[in-house]
Amino acid sequence: MRKVYLDNNATTRMREEVLETMLPYYKDIYGNASSIHEFGRLARRGVDDARLKVADLLGAASAEEIIFTSSGTEADNFAVKGVAHALRSKGNHIITSSIEHQAVLNTCKFLEKDGYKVTYLKVDKYGIVDLEELKRSITDKTILITIMYANNEVGTVEPVEEIGKIAKERGVYFHTDAVQAVGKAPFEVKAMNVDLLAMSAHKIYGPKGVGALYIRKGTRITQLLHGGHHEMGKRASTENVAGIVGLGKAAELAKKERSEEIKRLTGLRDYLYKGLTTNIEDVRLNGHPDKRLPNTLNVGFKYLEGESIILNLDMEGIAASTGSACTSGSLEPSHVLTAMGSDPADTQGSVRFSLGRDNTKEDMDYVVKVLPPIIKRLRAMSPLYDEKGK
Amino acid sequence: MEGQYSEKVMEHFRNPRNVGEIPDASGVGNVGNPVCGDIMRLYIKVDENEVITDAKFKTFGCGAAIATSSMVTELVKGKTIPDALKISNHAVAEALGGLPKIKMHCSVLAEQALRSAIDDYMAKKKAQNS
Ligand SMILES: Cc1ncc(COP(=O)(O)O)c(C=O)c1O
Chain V
0 MRKVYLDNNA TTRMREEVLE TMLPYYKDIY GNASSIHEFG RLARRGVDDA RLKVADLLGA
60 ASAEEIIFTS SGTEADNFAV KGVAHALRSK GNHIITSSIE HQAVLNTCKF LEKDGYKVTY
120 LKVDKYGIVD LEELKRSITD KTILITIMYA NNEVGTVEPV EEIGKIAKER GVYFHTDAVQ
180 AVGKAPFEVK AMNVDLLAMS AHKIYGPKGV GALYIRKGTR ITQLLHGGHH EMGKRASTEN
240 VAGIVGLGKA AELAKKERSE EIKRLTGLRD YLYKGLTTNI EDVRLNGHPD KRLPNTLNVG
300 FKYLEGESII LNLDMEGIAA STGSACTSGS LEPSHVLTAM GSDPADTQGS VRFSLGRDNT
360 KEDMDYVVKV LPPIIKRLRA MSPLYDEKGK
Chain A
0 MEGQYSEKVM EHFRNPRNVG EIPDASGVGN VGNPVCGDIM RLYIKVDENE VITDAKFKTF
60 GCGAAIATSS MVTELVKGKT IPDALKISNH AVAEALGGLP KIKMHCSVLA EQALRSAIDD
120 YMAKKKAQNS
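One line per chain: the protein sequences are V and A, in this order. The numbering of the first sequence is numbering that gives the first Met the number 0, which starts it at 0 and goes up by one. The numbering of the second sequence is numbering that gives the first Met the number 0, which starts it at 0 and goes up by one.
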């Protein structure tokens, strides 16, 4: 059976070149990057080289602004808790959005229990934060604005440049979770008013369990991990050298292929959407029509629940996902779609197709062939579809 | 989550039994709401001896919701009303080889749909007799 992987926002397949680059660091180059002997120096060289490549991909002014972490989640935790703790004497107010990834959302909720105040900005029906509300929310106690670059469920890209400007004018730090945006949106941190930016290797065809936090020079931040003097004193623990080297290689390739890949993926994504809307009725696009990640297509199939669609697609070899109810293991509908004001019944039937570099036009054609009969069969079973007919 | 579904659940999900409606049903049960992500509508046909001769369903919901609907229709067919009332959510889940913990509410919903259909049948019968 044909296998079509359309869940690249969950994770990506590691590239062959990345694996090849990593392997020596699991075998011969096993030194501790902090050791001064040759074994250590070789490992250090790998880490330094990776730092340059990540800095280049993100458009950082210098490599010292990149701190490697164990994941995107850790980078987000480090940014939010690190600034919150460093600026505790200045204020206790944090502004975020209602559609953040759990890595930011639950970190903010944790800080709330610790005496911090958090404002969760509303979003419009496309998932875009309200800049006026942002401006109104800033007080002299505000120490951090943390708003994602692009949303993982619907792909909506936030107005990060404008947010950065507002933050700078008001003298507030701005962190952005760019885990989904890196490699899929062209940007240079040095040209933006961003103080902190989180990324993750496994979303850009690199290994799982490694990420990075960009910290603009001079930004005040408290460590998350205390211990040795690793990562310029900002994060203790012996470096995951192979993982970091893998992230570096993935970053290098992402930089090189980014602009072509953005064009190609946008084309495929829109081709898939057209195929689905032509062959299935009552399909709704979730997310912004064009301010959206090139690889993300989140669509709602009215009268249906998402998991039943995902399971059927899985039986046909297609991997997609739903942020709603059942698959996420929580019984609540997607917090992102809910914040976008989507009707609860519609929220349930949403499916996310997230494309990646392995996907072809034939993959899209396969989905467009397989999905309509599934939707038809499930709708015939749905009491909500009945009511529509009557 | 999906991976945790038993073979039996997946089998009923793939080939649900008794999907559809009974136009001249003796009772119809409607439970759930779209906010929770499940709606079940259960139709039963009851003969003069109080035996359920047919059952059909329509369900909006996840894999477990569809499988429990399918299973409950299988379980009630041929049962008398008093026996059908004894079918618990655990019986439905057990007949499916178990359900993941977070999906147990689907079996509860199936039991409720059945009760609701029986209630509807009783109410209709009472209305006819009075
Ligand atoms: C927007 C966003 N932030 C953070 C994360 C967490 O990254 P990681 O899986 O590396 O911890 C993810 C990935 O699931 C994500 O999509």
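Glycine residues also receive a C-beta, built at the ideal position from the N, C-alpha and C atoms.
How would you write the range of the alpha helix (DSSP H) that residue i sits in, first residue to last?
| i | result |
| --- | --- |
| residue 43 of chain A | Unbroken run through residue 43 of chain A is the beta strand (DSSP E), 37-45; no alpha helix (DSSP H). |
| residue 205 of chain A | Since the first and last residues shown for chain A are 0 and 129, residue 205 of chain A lies out of range. |
| residue 362 of chain V | 360-380 |
| residue 17 of chain V | 15-26 |
| residue 338 of chain V | 334-338 |
| residue 12 of chain A | 6-13 |
| residue 295 of chain V | Residue 295 of chain V -> not in any alpha helix (DSSP H); beta strand (DSSP E) instead, spanning 295-300. |
| residue 75 of chain A | 62-75 |
Is the separation between the beta-carbon of residue i and that of residue j shorter than 7 angstroms?
| i | j | result |
| --- | --- | --- |
| residue 67 of chain V | residue 243 of chain V | yes |
| residue 90 of chain V | residue 142 of chain V | yes |
| residue 309 of chain V | residue 374 of chain V | no |
| residue 35 of chain V | residue 53 of chain V | no |
| residue 67 of chain A | residue 94 of chain A | no |
| residue 128 of chain V | residue 157 of chain V | yes |
| residue 348 of chain V | residue 299 of chain V | yes |
| residue 24 of chain V | residue 178 of chain V | no |
| residue 365 of chain V | residue 12 of chain V | no |
| residue 106 of chain A | residue 91 of chain A | yes |
| residue 79 of chain A | residue 49 of chain A | yes |
| residue 354 of chain V | residue 264 of chain V | yes |
| residue 71 of chain V | residue 210 of chain V | yes |
| residue 136 of chain V | residue 94 of chain V | yes |
| residue 86 of chain A | residue 74 of chain A | yes |
Distance check for residue j and residue i, CA to CA, integer angstroms please.
| i | j | result |
| --- | --- | --- |
| residue 254 of chain V | residue 288 of chain V | 25 angstroms |
| residue 234 of chain V | residue 250 of chain V | 21 angstroms |
| residue 401 of chain V | residue 381 of chain V | Outside the shown range of chain V (0 to 389) lies residue 401 of chain V, about which nothing can therefore be said. |
| residue 325 of chain V | residue 21 of chain V | Since pLDDT at residue 325 of chain V reaches only 42, below the 50 mark, its modelled position is unreliable, and the value read off the structure follows with that caveat. Cα to Cα, residue 325 of chain V sits roughly 37 angstroms from residue 21 of chain V. |
| residue 92 of chain V | residue 385 of chain V | 49 angstroms |
| residue 356 of chain V | residue 126 of chain V | 26 angstroms |
| residue 305 of chain V | residue 226 of chain V | 45 angstroms |
| residue 121 of chain V | residue 189 of chain V | 28 angstroms |
| residue 237 of chain V | residue 37 of chain V | 17 angstroms |
| residue 311 of chain V | residue 119 of chain V | 36 angstroms |
| residue 57 of chain V | residue 277 of chain V | 38 angstroms |
| residue 327 of chain V | residue 321 of chain V | A caution first: residue 327 of chain V carries a pLDDT of 41, below 50, which makes its placement in the model unreliable, though a value can still be read off. For residue 327 of chain V and residue 321 of chain V, the distance between alpha carbons rounds to 7 angstroms. |
| residue 170 of chain V | residue 30 of chain V | 43 angstroms |
| residue 351 of chain V | residue 115 of chain V | 34 angstroms |
| residue 195 of chain V | residue 41 of chain A | 54 angstroms |
| residue 112 of chain A | residue 113 of chain V | 45 angstroms |
| residue 20 of chain A | residue 303 of chain V | 18 angstroms |
| residue 55 of chain V | residue 100 of chain V | 25 angstroms |
| residue 84 of chain V | residue 109 of chain V | 13 angstroms |
Per DSSP, which residues does residue i bridge with? Please list them.
| i | result |
| --- | --- |
| residue 149 of chain V | V:156 |
| residue 119 of chain V | V:95 |
| residue 220 of chain V | Paired residue(s): none; residue 220 of chain V is not in a bridge. |
| residue 128 of chain V | V:122 |
| residue 34 of chain V | Bridge partners of residue 34 of chain V: none, in fact. |
| residue 16 of chain A | DSSP lists no partner for residue 16 of chain A. |
| residue 68 of chain V | V:210 |
| residue 318 of chain V | V:4 |
| residue 172 of chain V | V:143 |
| residue 283 of chain V | V:299 |
Taking 6 angstroms as the cut-off, is the C-beta of residue i nearer than that to any heavy atom in ligand 3?
| i | result |
| --- | --- |
| residue 199 of chain V | With respect to small molecules bound, the structure shown includes ligand 1 and not ligand 3. |
Return no unless some Cβ of chain V is closer than 7 angstroms to the Cβ of residue i.
| i | result |
| --- | --- |
| residue 55 of chain A | no |
| residue 91 of chain A | no |
| residue 40 of chain A | yes |
| residue 34 of chain A | yes |
| residue 62 of chain A | yes |
| residue 18 of chain A | yes |
With a threshold of 7 angstroms between beta carbons, is residue i in contact with chain A?
| i | result |
| --- | --- |
| residue 382 of chain V | yes |
| residue 101 of chain V | no |
| residue 344 of chain V | yes |
| residue 222 of chain V | no |
| residue 325 of chain V | Residue confidence is low: residue 325 of chain V scores 42 on pLDDT, short of 50, so the model does not pin down where it sits. Its coordinate-derived value is still stated next. Yes, because at least one Cβ of chain A sits closer than 7 angstroms to the Cβ of residue 325 of chain V. |
| residue 179 of chain V | no |
| residue 306 of chain V | yes |
| residue 310 of chain V | yes |
In the DSSP assignment, find the unbroken beta strand (DSSP E) run with residue i in it and report its ends.
| i | result |
| --- | --- |
| residue 79 of chain V | Run containing residue 79 of chain V: none in the beta strand (DSSP E); it sits in the alpha helix (DSSP H), 71-85. |
| residue 29 of chain A | 26-32 |
| residue 59 of chain A | 51-59 |
| residue 198 of chain V | 195-199 |
Query raised in the report: In chain order, what residues of the segment 57-87 of chain A put their CB closer than 8 angstroms to some CB of chain C?
Result: The structure shown contains no chain C; its protein chains are V and A.
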